[in-house]
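Numbering (my numbering), first residue to last: 3 to 315.
Cβ atoms here follow ideal geometry from the backbone N, Cα and C, with glycine treated the same way.
Remarks on the structure that follows.
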Ligand code: NCD
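Following this line, the structure appears as structure tokens:
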């Protein structure tokens, strides 16, 4: 039984993840129809509460909600309110008073979705909190790998880049490991979290060649400049020549390796210019699958029937 909130992959077990991915499979089919809309969440209200900027995640949740016929309200507080923890909770209470069926939260500080979930009675879905977790990104990444490779169990997934500051890395490490993949990480030493092997069960590499050898999936991550304090590598040029994924480095990996990136991409830094748009990149598949996965998440978390007076079922 999936919990009330989706705050992180760490809280899910393998069955929960598989249930969401199976549901996403059905949702994907809806996205291929001429009329991409079903009445599943008719009469339900979903509030997108994005305290931090977002392009694809917010649009993806909005499209997902609308395809399920929910009313979707986007609320993006100005950055001035970010500084005061009180006003975040007040904003959440204000939104709650409008009786939504789910609230989707993104915030630059780790733990804010959980704090909001503590004070609200409705499901809270984490759309990325600081460097902590980004569960729907990991779910759509797993879904994409499953679609392309037909399985996740037994694959080798190498995540390259700013692991230390990346919520995408954390959620993906949890998700792929729970589904039976071997996860490797590769980064300059300052971007590798301390005790990462013991804590997360991954193998850490500073040699990109070793990290890529035999990899089925390579995931490049953006350097999280907004979360960096101080210098983590000598120069962007050196970073990109050592860790930037290009066709030459892909030769170390398996022949049928795929390349992923959650976006936004810094072309020419973590990923060579030509790689983003062509095979073996599946970056646009990730975006497409993001809608199906978020439909599945909204259906499973926001679609529960209330049993109170006046409930329709
Ligand atoms: C990521 C994020 O916001 O964490 N983007 C996304 O949601 N697709 C990755 C990033 O910003 O680098």
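Bounding residues of the alpha helix (DSSP H) (the contiguous stretch that carries residue 292)
Element bounds for residue 292: 285-304.
Handout entry: Supposed close pair residue 160, residue 198 - CB separation, criterion 8 angstroms
Key = That pair is no contact at about 14 angstroms.
Q.
Given this structure, state the Cα-to-Cα distance separating residue 183 from residue 100, to the nearest angstrom.
A. Roughly 42 angstroms between the two C-alpha positions.
Put residue 104 into one of helix, strand or coil per three-state DSSP. In the structure shown, residue 104 sits in a strand (DSSP, three-state: E or B).
Item checked: Simplified DSSP assignment, three categories, for residue 164 -> Here residue 164 sits in coil by DSSP.
Please confirm whether residue 278 and residue 260 have their CB atoms less than 9 angstroms apart.
-> No, Cβ-Cβ distance for residue 278 and residue 260 is not below 9 angstroms.
Top-ranked residue by Cα proximity to residue 292, from 145, 19, 120, 93: Residue nearest to residue 292 within the set 145, 19, 120, 93 is 145 (criterion: CA-CA distance).
Residue ranges of each beta strand (DSSP E) within the region 178-227, 3 or longer: Runs of the beta strand (DSSP E) inside the region 178-227: 184-188, 205-207, 219-222.
Per DSSP, residue 128 is paired with what?
According to DSSP, residue 128 bridges with 107.
Bridge-paired residues (DSSP) for residue 261
Under the DSSP definition of a beta bridge, residue 261 partners with 220, 283.
Residue 146 CB to nearest heavy atom of the ligand NCD below 8 angstroms
No.
(Q) Measuring only the C-alpha atoms, how far is residue 110 from residue 174? (A) Their backbone Cα atoms lie some 19 angstroms apart in a straight line.
query: What first and last residue would you give for the alpha helix (DSSP H) that runs through residue 15?
result: Counting along the chain, residue 15 falls outside any alpha helix (DSSP H), and DSSP gives it neither H nor E.
**Q.** Own chain residues within Cβ distance below 8 angstroms of residue 282, not counting five before or after
**A.** Around residue 282: 252, 258, 259, 260, 261.
| said: Which same chain residues end up closer than 6 angstroms to residue 274 when comparing Cβ atoms and leaving out the 5 residues on each side of it in sequence? | reply: If you ignore the 5 residues before and after residue 274, its C-beta comes within less than 6 angstroms of the C-beta of 248, all in its own chain and listed in chain order.
Taking only heavy atoms of the ligand NCD into account, decide whether any of them is closer than 8 angstroms to the Cβ of residue 223. Yes.
ask   = Starting from residue 74 and walking both ways along the beta strand (DSSP E), at which residues does that stretch end?
value = Element bounds for residue 74: 73-77.
Please confirm if residue 220 has its CB atom under 9 angstroms from at least one CB of chain D. The structure shown contains no chain D; it is built from a single protein chain.
Exercise for the section: May I ask whether a heavy atom of the ligand NCD can be found less than 8 angstroms away from the beta carbon of residue 168? Expected result: Yes, since a heavy atom of the ligand NCD falls inside the 8 angstroms radius drawn around the Cβ of residue 168.
Excluding the 5 residues preceding and the 5 following residue 39 in the sequence, name in chain order all residues of the same chain whose CB lies nearer than 7 angstroms to its CB. Cβ within range, chain order: 69, 71.
Rounded to a whole number of angstroms, what is the C-alpha to C-alpha distance between residue 14 and residue 30?
Residue 14 and residue 30 have their alpha carbons spaced roughly 22 angstroms apart.
By Cβ distance, which residues of its chain are closer than 6 angstroms to residue 202, with the 5 residues on each side in sequence left out? Counting only Cβ-Cβ distances below 6 angstroms, and skipping sequence neighbours, we find 175.
(Q) Taking contact to mean 3 or more Cβ pairs, one atom from each stretch, closer than 8 angstroms, check whether the region 146-153 and the region 116-130 are in contact. (A) Judged by Cβ distances under 8 angstroms, the region 146-153 makes no contact with the region 116-130, as fewer than three pairs qualify.
- Query: Quick one: is residue 242 buried, meaning 16 or more other Cβ sit within 10 Å of its Cβ, or exposed?
  - Reply: That one is buried.
>> Quick check: what's the CA-CA separation for residue 139 versus residue 129?
In response: Annotation: residue 139 to residue 129 spans about 8 angstroms, alpha carbon to alpha carbon.
**Asked** What separation, rounded to the nearest whole angstrom, lies between the Cα atoms of residue 165 and residue 223?
**Response** Taking the straight line joining both Cα atoms gives about 8 angstroms.
Here's the rule I'm using: 16 or more other beta-carbon atoms within 10 Å means buried, otherwise exposed. How should residue 120 be labelled? Here residue 120 is exposed: its Cβ has fewer than 16 other Cβ atoms, across all protein chains shown, within 10 Å.
Practice prompt. Determine the DSSP secondary structure at residue 31, reduced to helix, strand or coil.
Written response: It is helical.
With DSSP as the reference, label residue 57 as helix, strand or coil. In the structure shown, residue 57 sits in coil (DSSP, three-state: anything other than H, G, I, E or B).
(message) If distances are taken between C-alpha atoms only, which option among 155, 213, 209 comes closest to residue 181?
(response) When the alpha-carbon of residue 181 is set against those of 155, 213, 209, the nearest one is in 155.
With respect to 8 angstroms, is the separation between the Cβ of residue 2 and the closest non-hydrogen atom of the ligand NCD below this value? Missing from the structure shown is residue 2; the chain here goes from 3 to 315 and no further.
- Can you grab the Cα-Cα spacing for the pair residue 195 / residue 167, in whole Å? About 9 angstroms.
Note to self: Tell me which residues share the same chain as residue 311 and place their Cβ nearer than 7 angstroms to its Cβ, disregarding the 5 neighbours each side in the sequence.
What the structure shows: Unreliable positioning characterises residue 311 in this predicted model, as indicated by a pLDDT of 45, which lies under 50. The coordinate reading is nonetheless provided below. Cβ neighbours of residue 311 beyond the five flanking positions: none.
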